[in-house]
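Keeping their order, the protein sequence lines are chains L and U. Here the working numbering is used: position 36 in the first sequence is 36, and no number is missing along the way. Just so we're on the same page, the working numbering is the position in the second sequence counted from 1, plus 106. Right, one structure below, let's go through it.
There are 2 protein chains.
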Amino acid sequence: MTTKVNEEIDRALLELVKDGLVTGASADKITLRILGESTPPKPAPLSPDEIRALRERENVSQAVLARHLNVTVGYVSKIERGAKRPSGSALAMLHLIKRKGIAALA
Amino acid sequence: MTTKVNEEIDRALLELVKDGLVTGASADKITLRILGESTPPKPAPLSPDEIRALRERENVSQAVLARHLNVTVGYVSKIERGAKRPSGSALAMLHLIKRKGIAALA
DNA sequence: CTTTTTATGGCTCCTGGTGCTATAGTTCTT
DNA sequence: AAGAACTATAGCACCAGGAGCCATAAAAAG
Chain L
1 MTTKVNEEID
11 RALLELVKDG
21 LVTGASADKI
31 TLRILGESTP
41 PKPAPLSPDE
51 IRALRERENV
61 SQAVLARHLN
71 VTVGYVSKIE
81 RGAKRPSGSA
91 LAMLHLIKRK
101 GIAALA
Chain U
107 MTTKVNEEID
117 RALLELVKDG
127 LVTGASADKI
137 TLRILGESTP
147 PKPAPLSPDE
157 IRALRERENV
167 SQAVLARHLN
177 VTVGYVSKIE
187 RGAKRPSGSA
197 LAMLHLIKRK
207 GIAALA
């Protein structure tokens, strides 16, 4: 896309990206190749108990958590009982909350 | 669950929560009732073009975005072409990125 | 030029997640 | 005290979100 303009600078910027010192914005497109090992790993599955513990740690009701995840209350109830297992983005968000707290989604 | 201990302090803390001055942790459980209008609204659907524009704004490849959302590359490709429409947590995360940037998910 | 990665496209298939409904316990309001 | 409103659980039918697979083309890396 961007035609090679000033390769030196570009390379330097990409170095920073690679090191996680810079998040993106400038330089060329960030690809998997560039990020390499520093790409977010596939989030591990969370047990029903872990999910409930997580929610209680954040001190929110199922309804509030549901809104943040953009899912239904019934679904939250189910994943806490083990009737359903979250995957995909739902799982990603739970991990996000686990790491940074619900406040991070505000 | 928690038996009313020192209602005065509790009430005061909940006031702070209600005002968004405090995020949780202490006080009683945060419920929808308490949050009221300050609850995250249902995210509006994003058009294929908006999604692609968003990704390009963040300068990441489909593969990188996919990892962040914890979905497959194929799926990202599809929602950018309109072959599938994201909903639930996937949509929530896209809005998150739109608001705070991909860096917020790190 | 060769290899790797990105992006698209299509097909099948499974289950995540919805919607609805009902019940019971809590906590507010009057 | 009774009632309204919210929380949490539960079950069931149903749809489409998203996975997995394979193939193709094009761009970037080496």
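All C-beta atoms in this analysis are idealised placements derived from N, C-alpha and C, irrespective of residue type, glycine included.
- As computed with DSSP, V166 (chain U) is found in a beta bridge with L:I30.
- If you draw a 10 Å sphere on the C-beta of R161 (chain U), you find 16 or more other C-beta atoms in it, and that means buried.
- With a cutoff of 9 Å on beta-carbon distance, L105 (chain L) and H68 (chain L) are scored as near each other.
- Approximately 6 Å separates the beta-carbon atoms of A196 (chain U) and V177 (chain U); this is inside 8 Å, confirming the contact.
- Look at I203 (chain U): its C-beta is not under 9 Å from any C-beta on chain L.
- With the rule of 3 Cβ pairs closer than 8 Å, the segment 82 to 99 of chain L counts as touching the segment 184 to 203 of chain U.
- Contacts with chain L at 9 Å (Cβ-Cβ) include K135 (chain U).
- Between H95 (chain L) and L46 (chain L), the C-beta spacing is below 9 Å.
- No Cβ of chain L is located within less than 9 Å of the beta carbon of G180 (chain U).
- Counting every other CB atom within 10 Å of its CB across the protein chains shown gives P41 (chain L) a total below 16, marking it as exposed.
- In the three-state reduction of the DSSP assignment, V177 (chain U) falls in the coil class, being assigned neither a helical nor a strand state.
- The beta-carbon separation of I157 (chain U) and I185 (chain U), rounded to 6 Å, stays under the 8 Å limit for a contact.
- Listed along chain L, no residue sits closer than 9 Å to L160 (chain U) by beta-carbon distance, the nearest being about 12 Å off.
- Excluding sequence positions up to five before and after P48 (chain L), its CB lies within less than 7 Å of the CB of I79, E80, R81 and G82, all in the same chain and listed in chain order.
- The Cβ of L91 (chain L) sits closer than 9 Å to at least one Cβ of chain U.
- Going by C-alpha positions, E58 (chain L) is about 31 Å away from A169 (chain U).
- Under the DSSP assignment, R205 (chain U) falls in the alpha helix (DSSP H) whose first and last residues are G194 to K206.
- Of U:S167, U:D134, U:Y181 and U:K206, the smallest CA-CA separation from V60 (chain L) is found for U:D134.
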